[in-house]
Every structure is written in structure tokens, then in C-alpha cells.
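FYI, numbering that gives the first Met the number 0 numbers position 122 of the sequence shown as 121, with every residue one higher than the one before it. C-beta: ideal position from N, C-alpha, C; glycine also. This report refers to the structure that appears directly beneath it.
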Amino acid sequence: MRIVVQKYGGSSVATVEKLRSVAEKVVNTRRSGVGVVVVVSAMGDTTDDLLQLVREVSESPSRREMDMLLSVGERISMALLSIAIQNLGEEAISLTGSQCGILTTHSHANARIVDVRPFRVQDELEAGRIVIVAGFQGTSYKREVTTLGRGGSDTTAVALAAALGAEHCDIYSDVPGVFSADPRIVPDATRLAELSYEEMQEMARQGARVLNAQAVEFARERRIAIHARATSGDGEGTVIRRIDPDADARVRQLRNFGARGVAGRRDLVLLSYEVPSSGENRGPDMLDELDGFDLLLANSVPGLSRLDILATTENVPDAPSRLRALQQRYPDTLTIQRDLGSASVIGLGIGEHPGAMLRLHRTLEAEALPLTMTFTAREAITAVLPVHHVERAQRLLHAAFIEAD
Numbered sequence: 000m001r002i003v004v005q006k007y008g009g010s011s012v013a014t015v016e017k018l019r020s021v022a023e024k025v026v027n028t029r030r031s032g033v034g035v036v037v038v039v040s041a042m043g044d045t046t047d048d049l050l051q052l053v054r055e056v057s058e059s060p061s062r063r064e065m066d067m068l069l070s071v072g073e074r075i076s077m078a079l080l081s082i083a084i085q086n087l088g089e090e091a092i093s094l095t096g097s098q099c100g101i102l103t104t105h106s107h108a109n110a111r112i113v114d115v116r117p118f119r120v121q122d123e124l125e126a127g128r129i130v131i132v133a134g135f136q137g138t139s140y141k142r143e144v145t146t147l148g149r150g151g152s153d154t155t156a157v158a159l160a161a162a163l164g165a166e167h168c169d170i171y172s173d174v175p176g177v178f179s180a181d182p183r184i185v186p187d188a189t190r191l192a193e194l195s196y197e198e199m200q201e202m203a204r205q206g207a208r209v210l211n212a213q214a215v216e217f218a219r220e221r222r223i224a225i226h227a228r229a230t231s232g233d234g235e236g237t238v239i240r241r242i243d244p245d246a247d248a249r250v251r252q253l254r255n256f257g258a259r260g261v262a263g264r265r266d267l268v269l270l271s272y273e274v275p276s277s278g279e280n281r282g283p284d285m286l287d288e289l290d291g292f293d294l295l296l297a298n299s300v301p302g303l304s305r306l307d308i309l310a311t312t313e314n315v316p317d318a319p320s321r322l323r324a325l326q327q328r329y330p331d332t333l334t335i336q337r338d339l340g341s342a343s344v345i346g347l348g349i350g351e352h353p354g355a356m357l358r359l360h361r362t363l364e365a366e367a368l369p370l371t372m373t374f375t376a377r378e379a380i381t382a383v384l385p386v387h388h389v390e391r392a393q394r395l396l397h398a399a400f401i402e403a404d
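Listed below in C-alpha cells is the structure:
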């Protein structure tokens with residue numbers, strides 16, 4: 000039997016009415032003669048509401064207890080959706096990440112999936128049931144509940160699709176695919192019919208909220224195509240798949256350096272560690288203490304005996320207290336710049352074109368935007384700047400790279 004894996008984001012199941020609509024969509028898929036596995040996120044703002052409760056209780060909560068708490072949101076969604084499907088006359092069963100055999104690292108709040116053993120899922124599918132899975136969570140080798148970080152339900156869905164031998168994974172949300180920028184910020188953004196794994200992974204890493212970067216990495220490694228589309232309607236959405244750069248005519252559009260999209264982040268901190276002229280270099284120790292932070296850049300500055308670390312705080316609920324503790328531990332050698340963000344241009348190989356970074360600098364400096372730093376990756380060029388300039392920078396870069404004739 001062919002297996003279909005669908006994932007529905009929090010906005011798609013935010014209310015009972017929306018959840019019922021999803022149930023109808025799932026039932027129609029099942030009645031087309033395929034086995035259906037559905038991964039769900041927490042309803043609406045449930046995760047944010049739980050985080051707010053934690054902040055009211057403690058500034059530095061245990062990361063283990065955070066995982067125990069936050070995993071509840073998806074469990075509520077899975078049970079309610081299963082009940083809604085049963086109410087429509089189909090057999091369904093809800094399963095947690097651990098019941099599905101999702102094994103992860105032991106890094107609380109930002110674990111990575113290392114293996115999937117979906118024996119229970121397969122048994123339930125063979126029994127004719129629709130399987131509803133709580134996304135965003137698994138269990139570590141120490142038998143602890145872990146969560147996968149913001150957007151981790153995407154990773155759950157892709158990992159299950161790979162383990163079950165599905166041809167692709169459908170990711171449903173409130174937007175009809177992946178756009179060249181966030182349409183709420185850049186009104187002229189357009190939907191992209193397809194993207195390479197590398198482009199989508201970099202867009203997610205640089206702040207695009209449609210898909211999770213780890214999910215795309217998982218899909219790339221296992222050659223699982225991802226279809227990102229809107230929950231309502233039957234639009235084509237965006238397909239994320241392998242694209243051969245040498246056979247891809249888009250890369251030859253050197254005028255815009257193959258740029259496909261623009262993304263932004265608003266959760267960055269820059270840590271600058273001055274290596275003391277005498278005494279021990281504690282830079283490596285400090286990197287270890289940033290466990291759980293996603294490091295976008297860790298760069299030694301030649302001739303200045305300085306280590307610059309650019310980190311995101313999105314998946315670190317206790318980031319403020321941890322950064323304060325670091326500052327107190329290294330009062331004379333560590334400087335932390337907060338309230339930073341970034342604007343990035345993404346495209347296959349764009350970081351290998353010197354002219355691309357030159358255009359980025361000229362575009363932003365012409366509007367007197369203050370740049371804290373810039374850096375390149377193979378598929379992206381990025382400007383770091385104060386967070387209140389990020390949206391304007393995205394609009395300027397979209398006009399300069401995506402809309403340019």
C-alpha cells in the first residue's frame with residue numbers, strides 16, 4: 000500500500016473548526032486508497048503560551064522540564080484530530096514521538112533525530128488506521144522526552160516519510176508555498192514553483208519560516224521531495240527536490256547571481272571574545288557553553304586575537320539568563336551585542352560570486368543602513384544589522400536582487 004505523509008502546522012489546527020477541516024481532508028486522502036500518516040504541530044499559539052507561563056515561573060528553567068512541558072502542545076493536537084477523524088467514520092490512532100520510535104540526541108530543546116524505528120506506525124497502518132503523530136518530539140538514548148526546536152514538526156514528518164518509504168512529504172500551512180520573501184514584509188514577493196534542497200535549507204537557516212532547516216537537511220540526505228502548500232485549496236505550492244546545478248539554467252542568470260529569495264532573522268546575538276595576551280584562551284570553553292544555540296558564524300579575526308560568534312536564540316528559552324551568566328564569567332574578555340538581526344539573499348552558489356556581496360553592500364549603504372558585519376556561505380550572502388532595520392533591508396535586497404531586470 001502506498002503511504003502518504005502529511006504535516007499540518009499550528010495555524011492549520013488553531014481552532015476546532017480548522018481542525019475539523021483538516022480531519023475531512025485527511026479522511027478524503029485515506030478514502031482514495033492510500034495509507035495516511037499525519038504529523039501535527041501544537042494548536043495556534045499554544046507553544047508560545049506555554050513559554051510565557053515558564054517565564055512567569057523562572058528566568059532559568061530546567062531544559063528537561065521545558066521539554067516535558069512543551070511536548071504537551073502537540074499531544075493535545077494529535078488526540079483531538081484523531082477524535083475528529085473517528086467522528087467522521089474512519090479508524091484513527093494518535094501516537095507520541097516515542098511511541099513512533101523517533102530516537103534523538105540528548106540535547107534538550109534542540110535535539111536532532113538520529114534514527115526512526117516506526118514499527119508501531121507500520122502495524123497501525125496495516126490494521127487500516129490513520130496514524131496521527133505528535134510532531135516536534137522524540138526520545139533520547141537516555142529515555143528522556145526531547146523536543147526538536149522551533150519548526151521541529153517538519154523534521155518529524157520528513158523523517159517518518161523516509162522511514163516508511165514514502166515518495167514525498169506534504170507540508171501544509173496557511174501560505175500557498177514558499178515565496179521569494181515573506182509577503183507580509185515584501186509585498187512584491189512571488190511564489191516559487193520549485194527550489195533545490197540547498198536553497199531551501201539556507202532560506203530556512205537564514206530565517207524563512209515556511210520550513211525547518213533540519214527537516215530539509217533530512218530530506219536532502221534521504222532524497223525525499225517536499226511539497227509545501229496551503230491547507231485550504233488545491234494549489235500547486237512549492238516542490239523542494241534535488242536540482243543538478245550544472246543542468247539548472249537558473250544558475251546561469253549571472254546578472255542577479257542566481258538569487259532566488261530573501262530572508263531575515265530577528266534573534267541574533269554577537270559574542271566577541273578577546274583572547275588575553277597572557278593567560279589561558281577560554282574561547283573553546285565558551286563555545287561548549289553555547290550548547291543549544293545555533294551558531295551561524297564562529298570566526299577568528301586575524302591579527303586581533305578575537306573570536307566572533309554569531310548565534311541565534313530562537314530555540315533557547317533561557318537565552319537571557321545564560322548570556323548574563325557568560326558575561327559574568329568572562330567580564331574582561333567578552334562583549335555581547337544584543338538586538339541584532341540579519342537580511343540574507345539566497346541562491347545556488349551566490350556566495351561564490353564576489354559581485355553579489357558588492358551589490359549587497361552598495362544597496363544597503365546607499366540607504367545608510369548601519370552594517371554590523373557581513374558574511375557569505377555558498378548559498379547565501381548575509382548582512383547583520385540592528386534588528387529594527389531588518390525589514391527595510393529585506394525589501395531593499397529583494398528589489399536589488401529578485402525584482403531587478
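The DSSP-derived three-state label of residue 283 is helix. Taking the Cα positions, residue 296 is about 33 Å away from residue 71. Of all alpha-carbon atoms in 9, 89, 42, 54, the one lying nearest the alpha-carbon of residue 27 is that of 89. For secondary structure counted as the beta strand (DSSP E) over 3 or more consecutive residues, the segment 183-210 holds these complete runs in sequence order: 193-195. Among the bridge pairs identified by DSSP, residue 298 is matched with 307. Sixteen is the threshold: since fewer than 16 other Cβ atoms of the shown chains lie within 10 Å of the Cβ of residue 56, the residue is exposed. If you draw a 10 Å sphere on the C-beta of residue 237, you find 16 or more other C-beta atoms in it, and that means buried. Note that the segment 173-186 touches the segment 386-394; at least 3 beta-carbon pairs, one per stretch, sit closer than 8 Å. By the Cβ-count criterion, residue 68 is buried, with 16 or more other Cβ atoms from all chains shown falling within 10 Å of its own Cβ. Taken atom to atom, the span from the alpha-carbon of residue 371 to that of residue 214 is near 30 Å. Comparing C-alpha distances from residue 294 to each of 308, 282, 134 shows the shortest one belongs to 308. If you ignore the 5 residues before and after residue 141, its C-beta comes within less than 6 Å of the C-beta of 105, all in its own chain and listed in chain order. Cβ neighbours of residue 388 within its own chain (closer than 6 Å, five residues either side excluded): 368. By the criterion of at least three beta-carbon pairs nearer than 8 Å, the segment 216-236 is in contact with the segment 161-175.
Judged by their CB atoms, residue 161 and residue 137 are not nearer to each other than the 8 Å cut-off. The DSSP-derived three-state label of residue 263 is strand. Here residue 272 really is in contact with residue 282; their C-beta atoms are around 5 Å apart, less than 8 Å. A contact is defined here as three or more CB-CB pairs under 8 Å, and the segment 330-339 fails this definition with respect to the segment 351-370. For residue 226, DSSP records a beta bridge to 169, 238.
In this structure, the alpha-carbon of residue 310 lies about 28 Å from that of residue 174. Between residue 20 and residue 43, the CB-CB gap reaches or exceeds 8 Å. For residue 313, same chain residues with a beta-carbon under 6 Å away, outside a window of 5 residues either side, are 149, 266 in chain order.
In the DSSP assignment, residue 215 falls within the alpha helix (DSSP H) that extends over 212-221. Counting the other CB atoms within 10 Å of its CB gives residue 12 a total of 16 or more, which places it among the buried residues. Shown here for residue 326: same chain residues with a beta carbon closer than 8 Å to its own, the five before and five after excluded, namely 333, 335 in chain order. Here the C-alpha atom of residue 286 lies approximately 47 Å from the C-alpha atom of residue 84.
Look at residue 102 here: in three-state DSSP terms it is strand.
Scanning its chain for C-beta atoms nearer than 6 Å, with the 5 sequence neighbours on each side dropped, one finds around residue 135 the residues 73, 146, 147, 151, 152, in chain order. Taken in chain order, the complete beta strand (DSSP E) segments of 3 or more residues contained in the segment 14-64 are 34-39.
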